[in-house]
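Take the sequence shown: its position 100, counted from the start at 1, is 101 in my numbering, and no numbers get skipped.
In this text, a Cβ means the ideal position worked out from N, Cα and C, and glycines have one as well.
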Amino acid sequence: MRGVQETVLYEEAMDLKFLDEVYGIPGGDKIKDCIQCGTCSGSCPVSWAMEESPRKIFAMIRAGMRDQVLDSLTIWTCASCYQCAERCPQEIKITDIMYMLKRMAIREDRRRSRKARALSECFVNVVNRYGRNRETELMARFALMTDPLGSVALAPVGMSLFSRGRLPLGGSKVRDIEGLRKIVAKAQELGGE
Ligand code: SF4
Ligand code: SF4
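If you want it as structure tokens, here you go:
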């Protein structure tokens, strides 16, 4: 059995505030029921590309490892396919919790989340402008926002793709662009980020 001093040290190492935050979100409390069976990791189509498997992320959450969880690129590798959530024997809302972790990482302005945040902002701006994605403009905006000097080095690749017709510049807007902008504005108002 753990001694009193050992318990105090153990709890100091855990970020209890982080646990409270995660357990406080809708469905977050269910993380306590995780039996570490690994069904989520086994079901995940992109777990091979993750820094930590979904199963490990849940173990890290329960250990109160705020920095390690919120700085893990796993949360950004998640493709939101819901396979894990469908199969979890404890009915843990894994995908929703991944979303929540992304929001926490953005809110705390975590360095490793900045590029994902920039890509998300560029995407919303492009969709707000045209009502649909334009990959060329999205990539140009993203490169300028995150690595202006590096984007200059990529210019020859861009020219080569353009000359082969792989980087379309034109495109039309959707018909009711104002209606779509209202929807995006409302989503931003409700989402906060
Ligand atoms: S499938 Fe559910 S219970 Fe099993 S490790 Fe993943 S989150 Fe935990
Ligand atoms: S929702 Fe995310 S973590 Fe779950 S299986 Fe899909 S990609 Fe993997």
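Check whether the region 78–97 and the region 125–135 are in contact - that is, three or more C-beta pairs closer than 8 Å. no
Cβ-based burial, E109 [other Cβ within 10 Å; buried from 16]: exposed
Quick one: using the 10 Å Cβ neighbour count with 16 as the cut-off for buried, is M101 buried or exposed? buried
Could you check whether the Cβ of G192 sits closer than 8 Å to any heavy atom belonging to ligand 1? no
DSSP three-state assignment for R1, whether helix, strand or coil: It is not possible to answer for residue 1, since the shown part of the chain is limited to 2 through 194.
Nearest by alpha-carbon distance to A144: which of D72, R133 and R115 is it? R115
Measure the C-alpha to C-alpha separation of E87 and L168 and round it to an integer number of angstroms. 38 Å
Mind checking which residues open and close the alpha helix (DSSP H) that includes E87? Q84 to R88
For F59, does the count of other Cβ atoms within 10 angstroms reach 16, so buried, or fall short, so exposed? buried
Which runs of the alpha helix (DSSP H) spanning at least 4 residues fall entirely within the region 114–169, listed in chain order? 115–131, 136–147, 149–154 and 156–164
Compare the C-alpha of W77 against each of G159, L120, S161 and G39 and name the closest. L120
Between which two residues does the alpha helix (DSSP H) holding L74 run? Note, L74: premise wrong, no alpha helix (DSSP H); not H, not E.
First through last residue of the alpha helix (DSSP H) which encompasses A106: I95 to R108
Where R118 and A80 are concerned, what is the direct C-alpha to C-alpha distance, given to the nearest angstrom? 15 Å
Over what stretch of residues does the alpha helix (DSSP H) that includes M61 continue unbroken? P55 to R63
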